[in-house]
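Novice:
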Amino acid sequence: MKLVEDLPLKQAPTSTGTQIEFRNVTKMYGAVAAVRDLSLSVCQGEFLTVLGPSGSGKTTALMLLAGFIAPTSGDILISGRSVGTVPSYRRDQGIVFQNYALFPHLTVRRNLEFPLEMRGMKAAERAVLVDRMLHRVHLQDFGERMPGQLSGGQQQRVALARALVADPPILLLDEPLGALDRNLREQMQIEIKSLHKEFGKTTICVTHDQDEALTLSDRIVVMRAGQIEQIDTPELLYDRPATRFVANFLGEANIFESTAFKTETDAVQPTGTVVMIRPERVRISAVTVPKPSDADRRQFVTGVVEDMIYAGPLRKYQVRVGGSSLLVREHVASEQQTFKAGDEVRLDWLRSDLRFVAA
Ligand SMILES: Nc1ncnc2c1ncn2[C@@H]1O[C@H](COP(=O)(O)OP(=O)(O)O)[C@@H](O)[C@H]1O
Ligand SMILES: [Mg+2]
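Numbering (the UniProt record's numbering), first residue to last: 1 to 359.
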């Protein structure tokens, strides 16, 4: 028997397009703030990734939104209404959590039916939705299998299908691809992106994998020790990291801090910042090669190759310049000169490619 009160809350976006809002949310475990004073708005249809190292509060933030735990202070709003007293099963969210696995004693089909039964849907209607969703994730032939008879990738597709089958407006994913090997993870990233495009669910995805975050997201929130370090689009986060932590966590960064040479910047360096450049923005060449035509916009230094790492389509050089060691990353091209440890080389970069990041 389903009571009317048990039915999920219907959620519509507010006029501003904001669907989910964290307002100064803190979650304490004893003296530890797993999440501290978190404020964040997520738009209808947005794919937002929460990225950060282990222990930075990502899962806690998602569990608070799902209603599995309650905030110590602050409020969470969905469609403009506080969900403080709304139990998790009425929040109408599709969930794929690592610890929220498939029911091992139910067939794939029964797993997908479960959220529909919870909503009081009749068997005939359930069968139609389950069939459609199994087809959508290419598992139409696997409905009668038990989860244990599926590969890891298939199980995650079932988990995604179960999260989406009841058509919830919000999808929550916690390290959804964490258990898969690299190739499968890349395939599933494409699958998740395609599902997002098709269904347009407001999606919050937690990961510690920077490639996953860059590939999937409209915006990325970088978390550090329970707090937001920066929120931006993938492009801006990579190209304009606000802090040294973000610069190092998302991609690789050369930070100039030694006094081996003076970095020539186009702008005045704000106090409290260090100068950063991405390794692919540094060019390596033989010292004998004539300087390029845009030499006036560049800075040139000479150094000695310490190490060359071959990485398929990339070469990475570690180059000692005075007291610093700079990383250079270049795409392998034909007829390109390669250098080995001990070679003297010239490095140069556009001064406009230097960034100031908070130290
Ligand atoms: N149930 C809990 N009891 C005590 N401490 C917890 C609990 N859950 C999380 N924490 C602590 O809160 C912090 C954030 O954890 P978590 O949100 O799981 O991080 P993440 O998902 O980013 O790895 C960590 O320091 C963790 O040890
Ligand atoms: Mg986690």
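Beta carbons: idealized from backbone N, C-alpha and C, even for Gly.
Cβ-heavy atom distance between S334 and ligand 1 below 6 Å?
Specialist: No; taking the cut-off as 6 Å, the Cβ of S334 has no heavy atom of ligand 1 nearer than that.
Novice: DSSP puts F300 in a beta bridge; with which residues?
Specialist: DSSP, once it has assigned bridges, lists D348 as partnering F300.
Novice: Which whole-angstrom value describes the C-beta separation of V304 and G342, a residue pair presumed to lie in contact below a C-beta threshold of 8 Å?
Specialist: Correct: roughly 7 Å between the Cβ atoms.
Novice: Let me make sure I understand the geometry here. Which of Y310, K262 and L327 has the alpha-carbon closest to that of F300?
Specialist: Taking only the C-alpha atoms, the option nearest F300 is K262.
Novice: Just the C-alpha distance for residue 438 and A247, rounded to the nearest angstrom, thanks.
Specialist: Look at the range of the chain in this structure, 1 to 359, and you will see that residue 438 is not part of it.
Novice: Roughly how many angstroms lie between the CA atoms of K340 and R109, to the nearest whole one?
Specialist: Their Cα atoms are separated by approximately 58 Å.
Novice: Evaluate D92 with the Cβ neighbour count: other Cβ atoms within 10 Å of its Cβ, from every protein chain shown; 16 or more gives buried, anything less gives exposed.
Specialist: Classification of D92: buried, given that the 10 Å Cβ count is 16 or more.
Novice: For R320, tell me which candidate among T302, R329, V332 and D266 has the shortest Cα-Cα distance.
Specialist: If we check each option's Cα against that of R320, T302 comes out closest.
Novice: Could you please give the first and the last residue of the uninterrupted beta strand (DSSP E) stretch that includes M188?
Specialist: First-last for M188: R182 to F199, but that is the alpha helix (DSSP H), not the beta strand (DSSP E).
Novice: Give a yes or no on contact between the segment 80-95 and the segment 152-166, applying the rule of three or more CB pairs nearer than 8 Å.
Specialist: Yes: at least three Cβ pairs fall under 8 Å.
Novice: Pick from K197, I255, V287 and G251: whose alpha carbon is nearest that of G45?
Specialist: The residue with the shortest Cα to Cα distance from G45 is K197.
Novice: DSSP on R132, reduced to helix/strand/coil?
Specialist: In the structure shown, R132 sits in a helix (DSSP, three-state: H, G or I).
Novice: Comparing alpha-carbon positions, which option in Y29, R36, A34 and L40 lies nearest E21?
Specialist: Of the listed residues, the one whose Cα sits closest to E21 is L40.
Novice: Strictly by DSSP, which residues pair up with T49?
Specialist: Bridge partners of T49: C205 and I220.
Novice: Would you decide whether I284 is buried or exposed? Buried here means 16 or more other CB atoms lie within 10 Å of its CB.
Specialist: Label assigned to I284: buried.
Novice: When you get a sec, list the residues whose CB is within less than 5 Å of any heavy atom of ligand 1, chain order please.
Specialist: Chain-ordered list of matching residues: Y29, A34, S54, G55, S56, G57, K58, T59 and T60.
Novice: Tell me whether the beta-carbon of E252 lies closer than 7 Å to the beta-carbon of T243.
Specialist: The answer is no: Cβ separation not under 7 Å.
Novice: Since A31 contacts L102 with CB under 8 Å, what's their CB separation in whole angstroms?
Specialist: Not confirmed; about 36 Å, so no contact.
Novice: Based on the DSSP output, what are the partners of T243 in its beta bridges?
Specialist: DSSP, once it has assigned bridges, lists A358 as partnering T243.
Novice: Mapping DSSP to helix, strand and coil, what is Q44?
Specialist: Coil at Q44, not helix or strand.
Novice: From the DSSP secondary-structure annotation, give me the bridge partner or partners of F97.
Specialist: Note: F97 sits in a beta bridge opposite D174.
Novice: What runs of the alpha helix (DSSP H), each 4 residues or longer, lie entirely inside the segment 54-101?
Specialist: If we require 4 residues or more, the alpha helix (DSSP H) runs fully inside the segment 54-101 come out as 58-66.
Novice: The alpha helix (DSSP H) that contains F114, what's its start and end?
Specialist: Start and end: V108 to M118.
Novice: If you count every other CB in all the chains shown that lies within 10 Å of the CB of T202, and 16 or more means buried, which is it?
Specialist: Counting Cβ neighbours within 10 Å, T202 comes out buried, since at least 16 surround it.
Novice: Do you know whose CA, among P53, K27 and F47, lies nearest I192's CA?
Specialist: Looking at the Cα atoms, F47 is the closest of the given residues.
Novice: Provide the residue span of the beta strand (DSSP E) that contains V282, from first to last.
Specialist: Here V282 belongs to no beta strand (DSSP E), and DSSP marks it neither H nor E.
Novice: Using the C-alpha atoms, what's the distance from Y317 back to R355?
Specialist: Cα to Cα, R355 sits roughly 21 Å from Y317.
Novice: Can you tell me whether DSSP reads Q318 as helix, strand or coil?
Specialist: Strand at Q318.
Novice: From what residue to what residue does the alpha helix (DSSP H) around L164 run?
Specialist: From DSSP, the alpha helix (DSSP H) with L164 extends over G152 to L164.
Novice: To the nearest angstrom, report how far apart D294 and L134 are at their CA atoms.
Specialist: Taking the straight line joining both Cα atoms gives about 57 Å.
Novice: Might you give, ordered along the chain, the residues of its own chain that have their beta carbon closer than 8 Å to the beta carbon of P53, omitting 5 neighbours on each side?
Specialist: Here the set comprises H208, R224 and F249.
Novice: Between T72 and T26, which are expected to be in contact by the criterion C-beta below 8 Å, what is the C-beta distance as a whole number of angstroms?
Specialist: 5 Å between Cβ atoms; contact.
Novice: Can you check DSSP and say which residues form a bridge with A311?
Specialist: Paired residues: L314.
Novice: Once you ignore the five residues that flank L177 on each side, which residues in its own chain have a CB closer than 6 Å to its CB?
Specialist: Closer than 6 Å at Cβ, skipping near neighbours: R185 and M188.
Novice: What does DSSP give as the partner residues of F22 in its beta bridges?
Specialist: L40 and I76, per the DSSP bridge assignment.
Novice: Assuming D174 contacts T59 (C-beta within less than 8 Å), just tell me the rounded distance between them.
Specialist: Between T59 and D174 the Cβ distance is about 6 Å, and since that is below 8 Å, they are a contact.
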